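Quick note on numbering: the sequence shown equals residues 5 to 163 in the working numbering.
I have placed the structure first, in the form of structure tokens, so that the comments after it can refer back to it.
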Amino acid sequence: MLELIQRHPHDAHRRTLLEGHLTASALVVDANFERALLTHHKKLGRWLQLGGHCDGDANLAHVALREAFEEGGIADLLVLPTPLDLDIHPIPARPGGPGREPEPEHLHYDTRFLVVAPPGAVEVLSDESHALRWVAPDELEQLSTDASVRRLFQLVFGS
């Protein structure tokens, strides 16, 4: 991650950097720290934490908070400023479409934050997701997810 920033100090947080770019995500937990909000991602077809592109914003905690609100629809979220986890993962190529350029395979250099929802928070589905779901640690294995999401659950819930 540091090498990417050293090579591209002014562009690492822009999605126009085609080899890969910084992203930020949020593991949103409920106020009781019993469940986390996951999204069934339309493009990737699996359950993930909320998050996305920096779009020019170099403040990664702010990006994680913005993406959590945009994708989960919950206001008054609290982001813990120290990153919870770092992950570098490939994103598959996508063909172009109406009004969309093709996207080559590239890497996401993701900084992950813990975000706490207010008591009684109700999620709102965005157009980026097939579904949103509050997931308890013992339910995670039933979902199509990946090792990095399981690692986040281990860090937060110890399970």
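Cβ atoms here follow ideal geometry from the backbone N, Cα and C, with glycine treated the same way.
Every value quoted in this text rests on a predicted model; they were computed, and no experiment measured them.
Asked                                                                              : Found
Status (buried if at least 16 other CB within 10 Å, exposed otherwise) for Asp-114 : buried
Whole-angstrom distance between Val-126 and Gln-53, CA atom to CA atom             : 16 angstroms
Per DSSP, the bridge partner or partners of Ile-92                                 : Tyr-113
DSSP state of Ser-152 mapped onto helix, strand, coil                              : helix
Assigned secondary structure, His-57 (DSSP; H/G/I helix, E/B strand, else coil)    : strand
Nearest-angstrom Cα separation, counted from Ile-78 out to Asp-59                  : 21 angstroms
As assigned by DSSP and simplified to three states, the class of Val-126           : coil
C-beta atoms of Leu-118 and Leu-69 nearer than 8 angstroms                         : no
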